[in-house]
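Enquirer: Chains as they are written, first to last, in full-length UniProt numbering: chain A, 1 to 271; chain B, 1 to 299.
Where a beta carbon is used, it is the ideal one built from N, C-alpha and C, also for glycine.
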Amino acid sequence: MRRILSTAGIEFRIALRNRWVAIATGLMVLFALVLAAAGAAPTGDVGVDRLSVTVVSLTSLAVYLVPLLALLMSFDAVAGEVERGTLPLLLTYPVSRARVLAGKLLAHVVILGIAVTLGYGAAALAAFATDPEATRGLPALIRLIWTSVLLGATFLGLGYLLSSLSRRPSGAAGLAIGLWLALVVLYDLGLLALVVSGTAFATEALPALLLANPADAFRLFNLAAANSVGAAGGMGGAAASIPLLQSVLSLALWPFAALLLAVAAFRKVTP
Amino acid sequence: MTSTLTISHLTKRFGPVAALTDVSLTVAPGQRVALLGHNGAGKSTMMKIILGLIPASEGEISVCGSAPGSAQARAQVAYLPENAAFHPALTGEEQLRHYLRLRGEAPGQALDLLARVGLRDAAKRRIGTYSKGMRQRVGLAQTLIGHPRLLVLDEPTSGLDPVSRRDFYALLDGLAAEGASILLSSHVLTEVEARTDQILILAKGRIEAAGTLTGLRREAELPVSFTLTPAEGYAESLIESLTGAQLLPSGQIQISCRQDEKLALLTRVTGFGPRITDLDVTPPSLEDIYSHFSRRTGQ
Chain A
1 MRRILSTAGI EFRIALRNRW VAIATGLMVL FALVLAAAGA APTGDVGVDR LSVTVVSLTS
61 LAVYLVPLLA LLMSFDAVAG EVERGTLPLL LTYPVSRARV LAGKLLAHVV ILGIAVTLGY
121 GAAALAAFAT DPEATRGLPA LIRLIWTSVL LGATFLGLGY LLSSLSRRPS GAAGLAIGLW
181 LALVVLYDLG LLALVVSGTA FATEALPALL LANPADAFRL FNLAAANSVG AAGGMGGAAA
241 SIPLLQSVLS LALWPFAALL LAVAAFRKVT P
Chain B
1 MTSTLTISHL TKRFGPVAAL TDVSLTVAPG QRVALLGHNG AGKSTMMKII LGLIPASEGE
61 ISVCGSAPGS AQARAQVAYL PENAAFHPAL TGEEQLRHYL RLRGEAPGQA LDLLARVGLR
121 DAAKRRIGTY SKGMRQRVGL AQTLIGHPRL LVLDEPTSGL DPVSRRDFYA LLDGLAAEGA
181 SILLSSHVLT EVEARTDQIL ILAKGRIEAA GTLTGLRREA ELPVSFTLTP AEGYAESLIE
241 SLTGAQLLPS GQIQISCRQD EKLALLTRVT GFGPRITDLD VTPPSLEDIY SHFSRRTGQ
């Protein structure tokens with residue numbers, strides 16, 4: 001555990017000096033404030049507090065931004081060490097490869113946690129400023145924070161996996177962008193095409209396919225939970241058909257699966 | 001006492017190419033072994049196998065009684081890679097504190113270790129601002145953590161100035177005296193001459209010669225060279241009386257002989273009395289021995 005913590009401490013320091021902490025936090029705060037400002041206009045009287053509405057907008061933002069940030073922070077984790085030539089020495093130390101990755105993951109998860117908490121927090125403050133009822137949305141905000149961290153942890157693990165597989169930072173970066181496009185953008189388009197086809201298979205497979213993708217599981221869970229307070233619109237319908245337990249299980253299991261895959265790939269890296 | 005490192009019949013192939021062929025080696029506690037060879041002779045490959053970074057194709061290796069790369073072996077082996085590299089955003093002190101924690105040692109020793117390699121003043125600066133020699137010294141400092149039983153040093157003095165080199169070998173002498181075994185590779189042959197107990201010459205993945213410097217000299221049977229400084233006006237008569245002697249541009253006379261003829265030639269030369277003013281006897285250098293053995297394999 002001491003070795004994991006030491007690795008995490010070093011990685012955190014490196015991220016701090018490379019401005020990653022500042023970049024991640026700045027991006028989250030900026031986007032969250034833009035959303036909060038954009039969402040402030042048309043609410044009118046829909047019987048829902050301002051914060052709950054903001055959380056629904058933030059959910060759509062987080063689905064894109066959190067995986068992107070996580071991949072940007074993680075694609076270099078193994079490939080960068082290979083390129084700098086720091087990996088051979090590290091691997092002669094009495095520390096297992098799983099612990100090395102666990103240490104990096106811990107540091108990166110903390111950074112993502114800081115970024116989303118401050119980002120969402122800024123949007124929440126904006127909501128509080130205009131709506132005294134906004135405290136009713138706090139549980140949704142907290143739910144959004146911890147699910148964002150789980151979503152981020154999944155994509156951090158996947159980033160380490162790609163980093164170990166490609167062994168070159170440039171290759172890993174390309175793979176990371178490809179994965180982001182595939183899981184966050186194209187996957188949903190594919191599902192849309194499936195739904196439009198209207199076959200019986202589509203209706204049966206859709207819930208499982210949604211749960212299999214961590215980004216969709218994240219959206220389902222947050223929107224289904226928000227649905228119960230009537231804040232979510234369109235997607236709420238799809239979300240309601242899948243039990244909360246299933247989407248939260250998908251969200252919670254994915255980080256472990258991603259880390260296991262990453263460790264397996266990292267073990268195959270010969271310096 | 002049991003040996004720290006035992007390698008028997010090690011072979012490593014990368015596809016069809018044999019990087020190491022039938023290498024055997026034993027290193028006893030406190031012994032300093034130098035590994036000499038051209039680039040691509042297999043030195044770094046051999047070190048990586050000893051460290052467990054890459055697997056051997058054939059052969060048995062035992063590091064401190066354990067398999068290479070096992071947790072027990074890694075806890076007792078220190079490594080200095082060729083061109084030691086560290087994350088440029090960390091300071092020397094932070095990097096060493098991390099390495100100390102990874103070895104289960106108190107991180108407070110970091111400054112002492114940096115002081116031992118002359119980096120006390122640069123401890124709080126980022127490694128990105130260090131020169132190559134300073135990075136190499138950070139690498140040396142981390143090999144001193146926690147009394148390792150075996151140090152594997154790949155070109156340890158590259159990038160070091162002559163004074164740092166001397167200090168470095170003094171550090172190694174201290175470690176060897178405490179019982180640590182040292183396996184190092186070097187291109188700078190003259191500096192390992194006085195500093196090692198055993199020399200291995202590796203060429204094309206095979207051990208071409210192994211032994212002490214004296215043993216290798218005897219085996220190579222290379223000529224001993226005499227350099228005479230003749231007294232004013234005697235140069236020509238001396239060259240005529242010594243068959244095979246050459247006049248050097250400096251006005252000195254050079255003559256070579258076999259090892260077993262050395263004393264006889266010395267007697268003759270001293271018989272010239274006042275006709276010579278100075279005499280230097282040069283045994284074959286490690287460079288000569290090294291090229292002799294590596295030429296045998298056609299390099």
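What beta strand (DSSP E) runs, 3 residues minimum, are completely inside the stretch 205-231 of chain B?
Expert: Taking only runs of at least 3 residues, the beta strand (DSSP E) segments lying wholly in the stretch 205-231 of chain B are 206-211 and 224-230.
Enquirer: Starting from Gln-254 of chain B, follow its DSSP beta bridges and name the residues at the other end.
Expert: As a position in the second sequence, residue 254 of chain B is number 254, starting the count at 1. According to DSSP, Gln-254 of chain B bridges with B:Thr-227 and B:Gln-246.
Enquirer: Relative to the alpha-carbon of Ala-182 of chain A, which residue among A:Ser-166, A:Arg-168 and A:Leu-158 has its alpha-carbon at the smallest distance?
Expert: Start at 1 with the first residue of the first sequence, and residue 182 of chain A comes out as number 182. Among A:Ser-166, A:Arg-168 and A:Leu-158, the Cα nearest to that of Ala-182 of chain A is on A:Leu-158.
Enquirer: So Phe-86 of chain B contacts chain A; which residues on that side make the cut at Cβ distance below 7 Å?
Expert: Here residue 86 of chain B is taken as the residue at index 86 of the second sequence, counted from 1. Those within 7 Å of Phe-86 of chain B in chain A are Thr-86.
Enquirer: What ranges does the alpha helix (DSSP H) occupy inside the stretch 163-238 of chain A, keeping only unbroken runs of at least 4 residues that lie completely in it?
Expert: You should have 169-180, 187-197, 200-212 and 214-227.
Enquirer: With DSSP run on the structure shown, which of helix, strand or coil describes Glu-155 of chain B?
Expert: Position 155 of the second sequence, counted from the start, is the residue given in the question as residue 155 of chain B. Glu-155 of chain B falls in the coil class under three-state DSSP.
Enquirer: Step through the CB atoms of chain A and report whether any lies within less than 9 Å of the CB of Glu-93 of chain B.
Expert: Here residue 93 of chain B is taken as the residue at index 93 of the second sequence, counted from 1. Chain A contact via Cβ: absent.
Enquirer: Quick one: list the residues of chain D neighbouring His-98 of chain B, beta-carbon separation under 9 Å, in chain order.
Expert: Among the protein chains of the structure shown, namely A and B, there is no chain D.
Enquirer: What's the call for Gln-246 of chain B, buried or exposed, on a 16-neighbour Cβ count within 10 Å?
Expert: On the second sequence, position 246 is the one that residue 246 of chain B refers to. By the 10 Å Cβ count, Gln-246 of chain B comes out exposed.
Enquirer: Which residues in chain B have a C-beta closer than 7 Å to the C-beta of Leu-91 of chain A? List them in chain order.
Expert: By one-based count along the first sequence, residue 91 of chain A stands at place 91. Near Leu-91 of chain A (Cβ distances below 7 Å), the residues of chain B are Leu-53.
Enquirer: Give the list of continuous beta strand (DSSP E) stretches no shorter than 3 residues that lie fully inside the stretch 35-103 of chain B.
Expert: DSSP runs (the beta strand (DSSP E)) wholly in the stretch 35-103 of chain B: 58-63 and 77-80.
Enquirer: Within the same chain, show all residues whose beta-carbon is closer than 7 Å to that of Val-27 of chain B, passing over the 5 residues directly before and after it, in chain order.
Expert: By one-based count along the second sequence, residue 27 of chain B stands at place 27. Correct list, in chain order: Ser-3, Thr-4, Leu-5, Val-33, Ser-181 and Leu-183.
Enquirer: Quick check on this structure: which residue in A:Arg-3, A:Thr-7 and A:Ala-262 has the alpha carbon closest to the alpha carbon of Leu-162 of chain A?
Expert: Along the first sequence, read from residue 1 onward, the residue named residue 162 of chain A stands at position 162. For the residues A:Arg-3, A:Thr-7 and A:Ala-262, the minimum Cα distance to Leu-162 of chain A belongs to A:Ala-262.
Enquirer: Which residues in chain B have a C-beta closer than 7 Å to the C-beta of Val-95 of chain A? List them in chain order.
Expert: Along the first sequence, one-based indexing puts residue 95 of chain A at 95. In chain order: Leu-102.
Enquirer: Would you call Ala-208 of chain A buried or exposed, if buried means 16 or more other Cβ atoms sit within 10 Å of its Cβ?
Expert: As a working mapping, residue 208 of chain A is identified with position 208 in the first sequence. Ala-208 of chain A is exposed by the Cβ-count criterion.
Enquirer: In the DSSP assignment, find the alpha helix (DSSP H) that holds Arg-126 of chain B and state where it starts and stops.
Expert: For the purposes of this step, residue 126 of chain B is identified with residue 126 of the second sequence, where counting begins at 1. Careful: Arg-126 of chain B lies outside any alpha helix (DSSP H) and carries neither H nor E.
Enquirer: Once the 5 residues before and after Gly-234 of chain A are set aside, which same chain residues still bring their CB inside 8 Å of it?
Expert: Against the first sequence, residue 234 of chain A aligns to sequence position 234. Residue confidence for Gly-234 of chain A is low, a pLDDT of 48 falling below 50, so the modelled location carries little weight and cannot support an answer.
Enquirer: Using a beta-carbon distance below 9 Å, is residue 363 of chain B in contact with chain A?
Expert: Only positions 1 to 299 of chain B appear in the structure, and residue 363 of chain B is not among them; the question remains open.
Enquirer: Which residues in the same chain as His-292 of chain B place their Cβ atom closer than 7 Å to its Cβ, once the five residues preceding and following it in sequence are excluded?
Expert: Counted from its first residue, the second sequence places residue 292 of chain B at position 292. Around His-292 of chain B: Ala-220 and Leu-222.
Enquirer: Helix, strand or coil for His-147 of chain B per DSSP?
Expert: Here residue 147 of chain B refers to the residue found at position 147 of the second sequence. DSSP places His-147 of chain B in coil when its eight states are reduced to three.
Enquirer: Chain A beta carbons: is any one of them nearer than 9 Å to that of Gln-254 of chain B?
Expert: On the second sequence, position 254 is the one that residue 254 of chain B refers to. It does not; no Cβ of chain A falls within 9 Å.
Enquirer: Report the partner residues of Val-263 of chain A according to the DSSP bridge assignment.
Expert: In the first sequence, counting from the first residue as 1, residue 263 of chain A sits at position 263. According to DSSP, Val-263 of chain A bridges with nothing at all.
Enquirer: Since Leu-90 of chain B meets chain A, which of its residues come closer than 9 Å, beta carbon to beta carbon?
Expert: In the second sequence, counting from the first residue as 1, residue 90 of chain B sits at position 90. Simply Ile-10, Arg-13, Ile-14 and Arg-17.
Enquirer: To the nearest angstrom, how far is the alpha carbon of Leu-77 of chain A from that of Arg-103 of chain B?
Expert: Residue numbering aside, residue 77 of chain A sits at position 77 when the first sequence is read from its first letter. Residue numbering aside, residue 103 of chain B sits at position 103 when the second sequence is read from its first letter. Here residue 77 of chain A turns out to be Ala, not Leu, going by the sequence shown. Those two C-alpha atoms are separated by around 22 Å.
Enquirer: Give the secondary structure of Ala-8 of chain A by DSSP, where H, G and I count as helix, E and B as strand, and everything else as coil.
Expert: Taking the first residue of the first sequence as position 1, residue 8 of chain A is located at position 8. Three-state DSSP puts Ala-8 of chain A in a helix.
Enquirer: So that I know if they touch, is there some Cβ in chain B lying closer than 9 Å to that of Arg-267 of chain A?
Expert: Stepping through the first sequence from its first residue, residue 267 of chain A is reached at position 267. Cβ-Cβ to chain B under 9 Å: no for Arg-267 of chain A.
Enquirer: Rounded to whole angstroms, how far is the Cβ of Phe-31 of chain A from the Cβ of Gly-119 of chain A, which I believe are closer than 8 Å?
Expert: Along the first sequence, one-based indexing puts residue 31 of chain A at 31. Along the first sequence, one-based indexing puts residue 119 of chain A at 119. The Cβ separation is near 7 Å, so the contact holds.
Enquirer: Strictly below 7 Å CB to CB, what residues from chain B border Pro-271 of chain A?
Expert: Within the first sequence, numbered from 1, the residue matching residue 271 of chain A stands at position 271. Simply Leu-53.
Enquirer: Hey, how far is the Cα of Gly-108 of chain B from the Cα of Asp-197 of chain B?
Expert: The count along the second sequence starts at 1 and reaches residue 108 of chain B at position 108. The count along the second sequence starts at 1 and reaches residue 197 of chain B at position 197. Using only the alpha carbons, I get a separation of about 34 Å.
Enquirer: Whole angstroms is fine: what's the gap from Ala-89 of chain B's alpha carbon to Ile-127 of chain B's?
Expert: Taking the second sequence and counting its residues from 1, the one referred to as residue 89 of chain B is at position 89. Taking the second sequence and counting its residues from 1, the one referred to as residue 127 of chain B is at position 127. Taking the straight line joining both Cα atoms gives about 7 Å.
Enquirer: Is it buried or exposed for Trp-180 of chain A, if we count other Cβ within 10 angstroms and need 16 for buried?
Expert: Translated into positions along the first sequence, residue 180 of chain A becomes position 180. That one is buried.
Enquirer: State the start and end residues of the unbroken alpha helix (DSSP H) segment that holds Asp-173 of chain B.
Expert: Stepping through the second sequence from its first residue, residue 173 of chain B is reached at position 173. Here the alpha helix (DSSP H) through Asp-173 of chain B covers 162-177.
Enquirer: Tell me whether Ile-111 of chain A sits in a helix, a strand or coil according to DSSP, three-state version.
Expert: In the first sequence, counting from the first residue as 1, residue 111 of chain A sits at position 111. Note: Ile-111 of chain A maps to helix in three-state DSSP.
Enquirer: Under 8 Å Cβ-Cβ, which residues of chain A neighbour Val-77 of chain B?
Expert: Taking the first residue of the second sequence as position 1, residue 77 of chain B is located at position 77. Chain A residues near Val-77 of chain B: Thr-92.
Enquirer: Could you give the distance in angstroms between the alpha-carbon of Lys-12 of chain B and the alpha-carbon of Leu-20 of chain B?
Expert: Numbered from its first residue, the second sequence carries residue 12 of chain B at position 12. Numbered from its first residue, the second sequence carries residue 20 of chain B at position 20. Using only the alpha carbons, I get a separation of about 5 Å.
Enquirer: To which residues does DSSP link Phe-75 of chain A through a beta bridge?
Expert: In the first sequence, the residue the question calls residue 75 of chain A occupies position 75. Paired residues: none, contrary to the question.
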